[in-house]
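At position 85 of the sequence shown the residue is numbered 84 (numbering that gives the first Met the number 0), and the sequence of numbers has no breaks.
Built from N, CA and C at the ideal position, the CB exists for glycine as well.
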Amino acid sequence: MKAFVFPGQGAQFVGMGKDLYENSTLAKELFEKANEILGYRITDIMFEGTDEDLRQTKVTQPAVFLHSVISALCMEEDAQPEMAAGHSLGEFSALVVAGALSFEDGLKLVYARAMAMQKACEAAPSTMAAIIGMADEKVEEICSAITNESKVVVAANYNCPGQIVISGSIEGINEACEQLKAAGAKRALPLKVGGAFHSPLMNPAKIELEAAINATEFHTPKCPVYQNVDALPYTDPEKIKANLVAQLTASVRWTQTVKNMIADGATDFTECGPGAVLQGLIKKINKEANAHGIG
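As structure tokens, then:
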């Protein structure tokens with residue numbers, strides 16, 4: 000079975016989508032529609048901007064979404080997915096390509112999500128770190144022991160066996176990195192991000208996003224979409240909406256998602272969007288998996 004997977008924030012690069020815009024009439028129409036919806040020319044930043052411009056959350060999230068969705072929509076008709084999933088932000092891309100959301104509504108929600116997350120980041124200085132070479136259970140145990148009323152640190156992204164990203168207050172992350180290295184983690188790398196995504200510190204953004212999601216029309220997707228919160232497949236619009244809201248403060252269970260997709264018959268994974276991060280993670284989760292990018 001064909002599975003489409005969609006990357007999240009961090010996969011962006013200057014020049015992304017330019018070849019699509021120049022070589023596909025459909026892509027050009029969709030990019031111009033996006034410029035109109037957003038009220039500024041995001042294509043100028045994507046194609047010719049600076050890394051710094053592209054790193055702003057309010058630009059990054061719509062940019063990765065646009066590249067991912069338009070890449071998939073420009074594929075041949077016979078290359079459509081039989082199941083889909085996205086990593087964090089990528090879940091919105093997956094829902095649009097699967098038909099649960101219109102292109103316009105998907106973009107509006109992604110922009111609302113980005114702006115709400117930006118506000119939450121500014122309200123509570125926070126960060127994330129990648130932990131390499133330690134069992135998930137040990138990471139969870141150390142994070143749980145550190146967390147109290149003044150410090151927060153949680154497991155945010157279960158990316159693949161031996162790679163987990165933690166998220167929380169700056170003090171909590173610093174303390175967790177020290178303790179995890181002392182306990183045997185190969186590496187504890189602070190990430191260059193603006194805040195603690197997929198942690199309780201995103202609660203203010205969750206409230207804003209929930210209002211936007213509840214005001215948006217969702218449809219039954221053409222194929223199951225495996226959602227981050229529990230790594231299970233969904234086709235019911237109401238459950239999809241509830242999971243999307245919960246996703247903002249819950250962990251991204253990517254390892255289990257890929258395992259579940261393979262167990263349910265996925266034989267071919269196509270990463271739609273910038274970069275090749277998900278292809279690498281899929282290969283680490285299952286060495287036999289066939290994972291590739293578009294084209």
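Measure the beta-carbon distance from residue i to residue j and round it to whole angstroms, keeping in mind my assumption that it falls under 8 Å.
i: ASN156; j: VAL251; result: 4 Å
i: CYS176; j: THR254; result: Contact flag wrong, Cβ pair sits at about 21 Å.
i: ILE212; j: VAL244; result: 6 Å
i: LYS185; j: ILE131; result: 5 Å
i: LYS118; j: ALA210; result: Their Cβ separation, rounded to whole angstroms, is 14 Å, which puts LYS118 and ALA210 out of contact at 8 Å.
Taking Cβ positions, are residue i and residue j nearer each other than 8 Å?
i: GLY7; j: VAL63; result: yes
i: PRO61; j: TYR110; result: yes
i: MET116; j: GLY183; result: no
i: ALA265; j: ALA2; result: yes
i: SER87; j: ASN227; result: yes
i: ALA84; j: VAL138; result: no
i: CYS120; j: GLY193; result: yes
i: ILE44; j: ASP52; result: yes
i: GLY89; j: PHE46; result: no
Determine the burial state of residue i: buried for a count of at least 16 other Cβ atoms within 10 Å of its Cβ, exposed for fewer.
i: GLY167; result: buried
i: ALA230; result: buried
i: ILE163; result: buried
i: HIS291; result: exposed
i: MET0; result: exposed
i: TYR233; result: buried
i: GLU270; result: buried
i: THR256; result: buried
i: GLY272; result: buried
i: LEU108; result: buried
i: ALA122; result: exposed
i: ILE145; result: buried
i: LEU295; result: Shown here, the chain extends from 0 to 294; a query on residue 295 therefore has no answer.
i: ALA214; result: exposed
i: TYR39; result: exposed
i: ALA78; result: exposed
i: ILE295; result: Residue 295 cannot be examined here, being either before or after the span of the chain that is shown, 0 to 294.
Would you report the Cα separation of residue i and residue j, rounded to the nearest angstrom?
i: ASP267; j: LYS286; result: 13 Å
i: LYS150; j: GLU170; result: 7 Å
i: GLU95; j: GLY274; result: Just to set this straight, residue 95 is Val in the shown sequence, not Glu. Those two C-alpha atoms are separated by around 20 Å.
i: ALA113; j: ASN22; result: 29 Å
i: LYS32; j: GLN11; result: 20 Å
i: LEU100; j: LYS180; result: 43 Å
i: THR24; j: GLN246; result: 34 Å
i: CYS73; j: ILE172; result: 41 Å
i: ALA26; j: ILE69; result: 6 Å
i: HIS66; j: LEU277; result: 15 Å
i: THR42; j: GLU140; result: 44 Å
i: GLY98; j: GLY48; result: 31 Å
i: GLU75; j: GLU216; result: 27 Å
i: GLU136; j: ILE165; result: 13 Å
i: ASP235; j: GLU28; result: 30 Å
i: PHE91; j: ALA288; result: 24 Å
Fill in: Sufficient close CB pairs (3 or more, under 8 Å) joining the region 121-130 to the region 91-110
no
Using 8 Å as the cut-off, can you tell me whether the region 151-170 makes contact with the region 182-201, which would need three or more C-beta pairs spanning the two stretches below that distance? yes
Check whether the region 212-222 and the region 234-247 are in contact - that is, three or more C-beta pairs closer than 8 Å.
yes
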